[in-house]
Every structure is written in structure tokens, then in C-alpha cells.
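Report on the structure given below.
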Amino acid sequence: MERTAKVPAINNRWIPVVACIAIQLCLGTAYIWSVFQSYLIIGKSTPNALFNWPATHGTLAYALLLGVLTVGSTIGGRIQDKLKPRPVIIAAGIILGLGFFLAQFTTESTPWLLWLTYGVIGGLGMGMAYTTTIACCQKWFPDKRGLITGIIVSALGFGGLLFTPVAEALIKNYGVLHTFAIFGVLFLVVTVTGAFFINNPPEGFKPEGWTPPARKDGIIAQSFSPLEALKTPQFYMITFAFMCATAAGSMMIPMAKILGLQPDSGLSKQEAVAGVMIITGFNSFGRLFWGWISDKLGRKKTLLILLVVAAISIIAVSFASAYSMLAIIAIIGFSYGGFLGVFPAMTADFFGTKNVATIYGMVLLGFGVGAVGSSYTVAKLSETKSFSTAFLIAGIGAIVGFIIIALLKPPKLKAEK
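Under this note's numbering, the first residue of the sequence shown is numbered 854, with each subsequent residue one higher.
And the structure:
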């Protein structure tokens, strides 16, 4: 007979959540790259920037950060399965802080140093902390998996909103390269401190008065190992759909300020900066809102709605200007945030929570490939002002994702195989 661990006081399980929120706020700086890029790279709309690089040099740093984040997520998830979350998060904080701190030594002739420090090292640290914190909180809240996932990942989105004005102020006072160093020290302190308040619940933990629901919308009562998950078609369908779904947001996030600074946008420089805050703010709110909605409506129905919204909004932004552009950017951020809130919950539903950090880390490889490809595509096409072509590609991606999710069914229980 299965032994159920003694349930701690309900307030106890919020302690790791608060610590994870603080860490995820720091990770949210991934979503303000367009602020850094506007000060780093000289262009028609940014003549006073630091380096005379092509736009793709800067966007490659962002793409590498998101791409390596997915690798770090898998590595961190695998290690925390063996060592528990605390040492993984401490190591992640050290790596993340070091990457940002070393980025300050980038020069005109060494764009590779930015790619290595901000992109590769920073992305590795971010990824290790990202899935580890999500998985830990999902284990504490099996009764509210969508909501708690939304809360945790919305903190990452809100971090972008929080750090946009902070980055602007620091850059004006200390310069863009020294701002990287300041962020590196801050991230190290917050992440390592927060790690001491984070641990997994006891084996067999169930909240008081909660009974696991009957199988519904893919929710299962047992856990797949990473190898068992890899043997299911559902793993590949979820991974590929994730890649397609997030293309719109992955294109808009690094280019939101740059797009707003175009002469025909109808926006002032301040309003272009507001575009960054809008997409990060709605990105954050979307993670929380759609994570909560998916607990009520189901993951599949929620994702189908989000994919329709993403397809329509990313295509529509090509025809918008001024405040209508800002409104559509908000919708893109809102849907993008929803994907980041619902896909991890669906992964836990389909494959269980025991190995979810590792399995979701592997699912994130799809997100990483999509993020790298999407951000590079929009940067390359932006050099010829072909934003609409890039956005059409993202819209088609969302349609493909819709078809995949529409065909998706829960994996068979191992006993049924």
C-alpha cells in the first residue's frame, strides 16, 4: 500500500514558490534584449549606439541565450533528479551571474565574446534555473498545476517588465556594457540566496483534503521516465507544436523596440520603449491567466485558442501603426505568455511530475530551435525592411501548430501498452 507523507502546514509550500518567483524575475531579462540591442548596434533608428555591427550580430546573442537555455534546462532537470533542486539552482546562479558579468568586456572586434558570455554562458545558467524551479513548484501543487505553473513563469515575464526601465536607467548612467555587469552581480546574489529556501516536497506528498482526479484531458497518475517519454509520439508532437506556437513571440520580443523606432511606425522613442514594456507585461499576465484557464478549460482547448490568436495577431501587426501596433504587440505577448504557461503543465499532465524537469527540458529543445530560427529570420529580413515576410512565416507556423495540437491525444498508460 502506498505510503502518504505527512502533509506540512499549507503555508509551507508557498515558501519555495516565493523564492522561485524571485529567481524567475531575474530570468525575465531574457525578454528585454531589444533594449540592449538598441544601445549596442548602430542603425538608422539607433545612430548613437556603441558598435557598428549588423543587426544579426546582436540578435544572435539573444538567439543563443534562448537556444542554450533549452540545453541548460535539460541538464539542470537531469541533475536535480539526482541531487535535488538546491545545488542545481546555486550552480545556475553562479553560471548566470558570471555570463552577464563577463559580457562587459565585449568590444567592436569581439562580437563572439557577447555570444559566448551573454548567449552561451548566460543561457546555460538561465536554463538550469528555469525548469528546476518550475518542476519543484509543480510537485508542491499537484492540485493547482496550471495555476502554479502560470504563477512561476509569469514572474519571468514580469521580470522583463520590471527590468526594462531599470536597464534604461542603468544604461544612461553607466553604459550598456557595465549594465550587463551590474545585472550579473544582482542575479548571482538573488539566485544563490533564493536557492536556500527551495526543496522538493516529501515523497508521496498530497495537499490536505485533495484526491488526485480521474484521468481527464491527458492527466495521468503515474510518471514516465525520460526514455519512456521519448518513445511516445506525443513527446514529438508537443515539442514540434511548441516550436511552431512560439515563433510569433520569438520574432516580436527582440525587435519590439526596433520596430517601434521605424520612421513609418508613428511612434516616438518613448512609445517604442513602451512597446517593450507592453509585450513583456502582457507576456507575464498571459502566463498566469492562461495557466489558470487551462485548469478549467483543459490544456488542449486552451492551446487551440492561443494558436488562433497568435496566427491572426502576428500577421495583423504588418498592417498596423502607432497605437494599433502597440495593441497588437500586446496581444502577441499575451498569447506567447500563454504558451509558456500551458506547455509545461501539459508536459506534467502527460508524463507525470517525477521526471518533469528533465522531460520538459527536452520539450524546450523545440522552443529553443524555434526561438533561434525565428529571431534570426526576423533580424535578417529586417535589414531589408521585410518584417511582413517574417511575420507571415510565424503566422503559418502557428497554423501548423494548431493542426498538431488538434490531432494530439494523451499517451497510453504504461499498463495499457
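Backbone N, C-alpha and C define an ideal beta-carbon position, used for all residues, glycine too.
C-beta contact flag for residue i and residue j at 7 Å
i            : j            : result
residue 902  : residue 893  : yes
residue 880  : residue 1224 : no
residue 1167 : residue 1131 : no
residue 1148 : residue 1261 : no
residue 987  : residue 1197 : yes
residue 868  : residue 1050 : yes
residue 1104 : residue 1257 : no
residue 1048 : residue 1164 : no
residue 1220 : residue 1077 : no
residue 797  : residue 1201 : There is simply no residue 797 to check, as the chain begins at 854 and stops at 1270 in what is shown.
residue 929  : residue 1002 : no
residue 1254 : residue 1137 : no
residue 1207 : residue 909  : no
residue 1156 : residue 1209 : no
residue 874  : residue 1008 : yes
residue 945  : residue 1033 : no
residue 1006 : residue 1193 : yes
Beta bridge counterpart(s) of residue i as assigned by DSSP
i           : result
residue 894 : 904
Residue nearest to residue i in terms of C-alpha spacing, selected from the options
i            : options               : result
residue 1185 : 1085, 888, 1015, 1161 : 1161
residue 1079 : 1034, 1026, 927       : 927
residue 1092 : 878, 1218, 916, 917   : 1218
residue 1004 : 1199, 938, 871        : 871
residue 974  : 1187, 947, 1008       : 947
residue 954  : 985, 971, 961, 1254   : 971
residue 1187 : 979, 1194, 1139       : 1139
residue 969  : 951, 982, 981         : 951
residue 883  : 1231, 1017, 1141      : 1017
residue 1153 : 1059, 1259, 994, 873  : 1259
residue 1053 : 1189, 924, 1169, 939  : 939
residue 865  : 1058, 1145, 1029, 964 : 1058
residue 981  : 924, 956, 991, 992    : 924
residue 906  : 1020, 964, 1228       : 964
residue 1099 : 1228, 1021, 1011      : 1228
residue 1055 : 1155, 1230, 937, 1041 : 937
residue 1272 : 1028, 1133, 979       : Because the chain spans 854 through 1270 in this model, residue 1272 falls outside it and cannot be assessed.
residue 1212 : 1087, 1061, 941       : 1087
residue 992  : 1033, 900, 1060       : 1060
residue 1101 : 966, 1150, 1159, 1141 : 1159
residue 915  : 885, 900, 1006, 1249  : 885
residue 1046 : 1178, 891, 1177, 941  : 941
residue 891  : 949, 989, 1020, 878   : 1020
residue 1015 : 1176, 1042, 1178, 878 : 878
Pairwise C-alpha distance: residue j and residue i
i            : j            : result
residue 1191 : residue 1143 : 5 Å
residue 921  : residue 1083 : 20 Å
residue 1215 : residue 935  : 17 Å
residue 1013 : residue 1171 : 24 Å
residue 1226 : residue 889  : 20 Å
residue 958  : residue 1031 : 9 Å
residue 1265 : residue 1242 : 40 Å
residue 1189 : residue 1081 : 29 Å
residue 1025 : residue 1036 : 15 Å
residue 1044 : residue 977  : 14 Å
residue 1173 : residue 1247 : 17 Å
residue 1335 : residue 933  : Only positions 854 to 1270 of the chain appear in the structure, and residue 1335 is not among them; the question remains open.
residue 911  : residue 961  : 12 Å
residue 1135 : residue 1205 : 29 Å
residue 1106 : residue 1062 : 42 Å
residue 996  : residue 1180 : 35 Å
residue 1022 : residue 1029 : 10 Å
residue 966  : residue 1150 : 46 Å
residue 949  : residue 1027 : 21 Å
residue 917  : residue 1222 : 10 Å
residue 1230 : residue 900  : 23 Å
residue 854  : residue 983  : In this prediction, residue 854 has a pLDDT of 38, which is less than 50 and means its spatial position is unreliable; what the coordinates show is noted afterwards. Spanning the two alpha carbons is a distance of roughly 35 Å.
7 Å Cβ cutoff, residue i in contact with chain D
i           : result
residue 914 : You won't find chain D in this structure, because it holds only one protein chain.
Segments of 4+ residues assigned as alpha helix (DSSP H) that fall wholly inside the segment 971–1029: Segments of the alpha helix (DSSP H) lying fully in the segment 971–1029: 975–993, 998–1027.
Please list the segments of the alpha helix (DSSP H) lying wholly inside the segment 1158–1230, counting only runs of 4 or more residues, in order along the chain. 1175–1204
Could I get the ranges of all uninterrupted alpha helix (DSSP H) runs contained in the segment 937–961, with 4 residues as the minimum, in chain order? 938–955
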